[in-house]
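Engineer: My questions will all concern the structure given below.
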Amino acid sequence: MSDAQEHNVVARLHKVRSEMTRAVRHAGRNPDEVTLVAVSKTYFADSIVPVLEDGQRVFGENRVQESMQKWPELKAQFAGIELHLIGPLQSNKAKEAVALFDVIETIDRPSIAEAIAKEFTKTDRRPKLYVQVNTGEEPQKAGILPLDADAFLTRCKDEWKLTIEGLMCIPPVDEPPSPHFGLLRKIAEKHGIKILSMGMSADFEEAIQMGATHIRVGSAIFGHRF
Ligand SMILES: *Cc1c(COP(=O)(O)O)cnc(C)c1O
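The working numbering puts the first residue of the sequence shown at 136, with every later residue one more than the last.
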């Protein structure tokens with residue numbers, strides 16, 4: 136990556152940070168209540184290193200395999216990295232996901248909860264777990280349907296002994312996002328869940344207004360994905 140490209144990535148990171156701070160103030164919240172998850176999927180280490188050098192430590196990836204190729208080395212190079220899995224997890228990748236990720240945001244069905252619980256009997260690693268909710272009830276999208284969320288969260292606790300610390304959603308692209316963020320927040324409040332992962336490049340300001348604790352921003356930092 137050239138110096139100019141590196142500069143662009145860091146400049147965009149700073150722009151996102153300042154927009155984030157403005158949105159947090161506008162919402163009457165404290166800056167330390169909202170964490171920026173920099174979504175580095177499809178980008179190589181040469182784009183990620185300048186962002187790490189600038190002090191960013193929380194990152195999101197959507198594929199286990201791709202992450203295993205990039206992150207062990209980066210984690211060895213930079214202390215304090217917190218890596219979030221934000222893409223669908225297959226049961227046969229639970230072992231790798233638990234070994235590498237610090238947060239798994241996409242617990243989205245009973246078989247995955249079971250696979251994670253089983254993996255926890257074999258290792259001391261305990262990534263934080265969030266449940267993905269399909270707030271728009273879109274057939275092609277992963278996530279627990281809002282109507283099933285109560286029962287699923289109860290099963291996570293009672294049946295699989297999993298502590299769910301957060302909820303995550305991806306609103307439909309063609310609808311205003313705020314009602315979806317509001318729905319996620321309502322489900323979280325009902326279950327005493329404090330973490331809300333919601334808001335991406337196009338809508339993180341609305342998400343912050345609606346109570347997001349984690350925003351997942353990719354293209355606004357790294358540029359368009361290829
Ligand atoms: C890619 C992705 C993001 C980031 O999207 P941008 O629009 O590039 O900010 C956030 N969340 C999830 C689940 C993603 O897959």
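By construction, the Cβ of each residue, glycine as well, lies at the ideal position given by its N, Cα and C atoms.
None of these values were measured; they are calculated from a predicted model.
To the nearest angstrom, report how far apart Leu319 and Pro223 are at their CA atoms.
Structural biologist: If you take the alpha carbons of Leu319 and Pro223, they lie about 18 Å apart.
Engineer: Between the Cα of Ile242 and the Cα atoms of Val193, Thr256, Lys321, Gln225, which residue gives the shortest distance?
Structural biologist: Residue Gln225 is the option with its Cα nearest to Ile242.
Engineer: Compare the beta carbon distance of Gly195 and Arg351 with 8 Å and say whether it is the shorter of the two.
Structural biologist: In this structure, Arg351 lies closer than 8 Å to Gly195 by Cβ.
Engineer: Report, in whole angstroms, the separation of the C-beta atoms of Met155 and Phe357, which I expect to be a contact under 8 Å.
Structural biologist: The Cβ separation is near 16 Å, so there is no contact.
Engineer: Keeping to the same chain, check which residues put their C-beta closer than 8 Å to that of Arg147; ignore five residues upstream and five downstream.
Structural biologist: Within the same chain, Arg147 has close Cβ partners Ala355, Ile356, Phe357, Gly358.
Engineer: Could you check what DSSP says for Val151 in three-state terms: helix, strand or coil?
Structural biologist: Helix.
Engineer: Is any heavy atom in ligand 1 found nearer than 7 Å to the beta carbon of Arg351?
Structural biologist: Within the cutoff, so yes.
Engineer: Since Val233 and Arg198 should fall inside the 8 Å C-beta cutoff, what is the C-beta to C-beta distance between them, to a whole number of angstroms?
Structural biologist: So it is not a contact: roughly 15 Å between Cβ atoms.
Engineer: Near Arg152, which residues of its chain fall below 8 Å by C-beta distance, leaving aside the five closest residues on each side in sequence?
Structural biologist: Here the set comprises Leu171.
Engineer: Could you check what DSSP says for Lys329 in three-state terms: helix, strand or coil?
Structural biologist: Lys329: coil per DSSP, three-state reduction.
Engineer: Strictly by DSSP, which residues pair up with His219?
Structural biologist: Looking at the DSSP assignment, His219 forms a beta bridge with Gly195, Val238.
Engineer: Who does Tyr265 pair with in a DSSP beta bridge?
Structural biologist: BP columns for Tyr265 point to Gly301.
Engineer: Would DSSP call Val174 helix, strand or coil?
Structural biologist: In this structure, Val174 counts as strand in the three-state DSSP scheme.
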